[in-house]
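A.B. asks:
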Amino acid sequence: MLAAAAFAPRLADSRRTADAPTQQAAETPTPPAAEEARAEAPAEAPTPPAPSPAPAAAPEPERTAAFRLAFDNRDIAGAQIAALRNVDQPGCLAACRRRADCRAYVFDKWNHACRLKADAIAFTLNPRATSGLRDDSPLPRAPAGPIAMERYPSRAFPGEGYRIDASEGPQACEALCRDDAVCVAFTFRLDEGVCHLFATTGEYFPNALADSGGKRQN
């Protein structure tokens, strides 16, 4: 018993001795050089924010075909792709612009009608027509055939025209127009005995005291 009791303090002392380095190691301060290195180490750079998505490209504006100035007193020979009624000239032009296959249009100013053309082969002389042609279309050939006269009985064109002559009747008035290169249409006033020659015409209207006519040429 005495031997065991004597051994117990020694065992306790040996355990305290064995634990001492561990406790001492835990209590050992960090060397100054390590502290300085830790202080001088650069801070980690922050992660840059993700770039904003690029804005969506704006849609290109719709392009419309450009047209030459209108050709008064000109019809166009070519393949017809559509016919419209009860329209004015700006409406006829707009209808052609809306179609990629429309190369030209013809507006009938006496009857408010519109014809759209896929091509334009030749101009024809027609006092009721005003036509338009895309800028990128070749100019049609000019009319060169013989001149023919159309008659419009009991019809009169509005206005005085560019020339007024006394005349014996509608036939004489027609001859005056045929022989004048500027004239495209005429009206003879039966009540006045005078002939009105027109270089361009508006919509004709009924008149029992008048006879009219116009030139045609292919």
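If you want this note's numbering, it's the position in the sequence shown, counting the first as 1, plus 83. Every residue gets a Cβ at the ideal spot worked out from N, C-alpha and C, and that includes glycine.
(1) Could you tell me the alpha carbon to alpha carbon distance between Thr-207 and Asp-158, rounded to whole angstroms?
(2) State the beta-bridge partners of Ile-247 as determined by DSSP.
(3) In chain order, what are the residue ranges of uninterrupted beta strand (DSSP E) at least 3 long that sit wholly in the region 177 to 258?
(4) Confirm, please, whether the CB-CB distance from Gly-161 to Ile-204 is below 8 Å.
(5) Classify Gly-296 as helix, strand or coil using the three-state DSSP reduction.
(6) Return helix, strand or coil for Asp-155, following the three-state DSSP convention.
(7) Return the first residue and the last residue of the beta strand (DSSP E) that Leu-167 is part of.
(8) In the DSSP assignment, what are the bridge partners of Arg-272?
(9) Excluding the 5 residues preceding and the 5 following Cys-260 in the sequence, name in chain order all residues of the same chain whose CB lies nearer than 6 Å to its CB.
(10) How long is the line joining the alpha carbons of Asp-248 and Arg-224, rounded to whole angstroms?
(11) Taking DSSP's pairing of strands, which residues face Ala-160 in a bridge?
(12) For Arg-182, which residues in the same chain have their Cβ closer than 8 Å to its Cβ, ignoring the five residues on either side in sequence?
(13) Taking buried to mean at least 16 other C-beta atoms within 10 Å of its own C-beta, is Asn-169 buried or exposed?
(14) What residues in its chain sit with their C-beta under 7 Å from that of Ser-220, if we drop five residues either side in the sequence?
(15) Excluding sequence positions up to five away, which residues of its chain have a Cβ less than 8 Å from the Cβ of Pro-144?
(16) Does Gly-296 pass the burial test, meaning 16 or more other C-beta atoms within 10 Å, or should it be called exposed?
C.D. replies: So, from the listed chains and residues:
(1) On the sequence shown, position 124 is the one that residue 207 refers to. On the sequence shown, position 75 is the one that residue 158 refers to. Straight-line Cα distance between these residues: approximately 5 Å.
(2) In the sequence shown, residue 247 corresponds to position 164, counting from 1. Paired residues: His-279.
(3) 187 to 191, 196 to 200, 205 to 216, 231 to 239 and 246 to 249
(4) Position 121 of the sequence shown, counting from 1, holds the residue named residue 204. Position 78 of the sequence shown, counting from 1, holds the residue named residue 161. Their beta carbons are under 8 Å apart, which means Ile-204 touches Gly-161 by this criterion.
(5) Counted from its first residue, the sequence shown places residue 296 at position 213. Here Gly-296 sits in strand by DSSP.
(6) As a first step, residue 155 is located in the sequence shown; it is residue number 72 there, counting from the start. Residue state, collapsed to three classes: strand.
(7) In the sequence shown, residue 167 corresponds to position 84, counting from 1. Start and end: 163 to 168.
(8) Taking the sequence shown and counting its residues from 1, one reaches residue 272 at position 189. Bridge partners of Arg-272: Val-277 and Ala-293.
(9) Position 177 of the sequence shown, counting from 1, holds the residue named residue 260. Counting only Cβ-Cβ distances below 6 Å, and skipping sequence neighbours, we find Cys-266, Phe-269 and Leu-280.
(10) In the sequence shown, counting from the first residue as 1, residue 248 sits at position 165. In the sequence shown, counting from the first residue as 1, residue 224 sits at position 141. Taking the straight line from one Cα to the other gives about 33 Å.
(11) Residue mapping note: residue 160 aligns to position 77 of the sequence shown, counting from 1. Looking at the DSSP assignment, Ala-160 forms a beta bridge with Ala-205.
(12) What you label residue 182 is simply residue 99 of the sequence shown in a count that begins at 1. Contacts found: Ile-164, Ala-165 and Leu-199.
(13) Position 86 of the sequence shown holds residue 169. By the neighbour-count rule (16 or more Cβ atoms within 10 Å), Asn-169 is not buried but exposed.
(14) What you label residue 220 is simply residue 137 of the sequence shown in a count that begins at 1. Correct list, in chain order: Arg-186, Ala-187 and Ala-203.
(15) Locating residue 144 in the sequence shown gives position 61, where the first residue counts as 1. Reliability fails at Pro-144, whose pLDDT of 47 lies under 50, so the model's placement of it is uncertain and no value is given.
(16) Translated into positions along the sequence shown, residue 296 becomes position 213. Gly-296 comes out buried.
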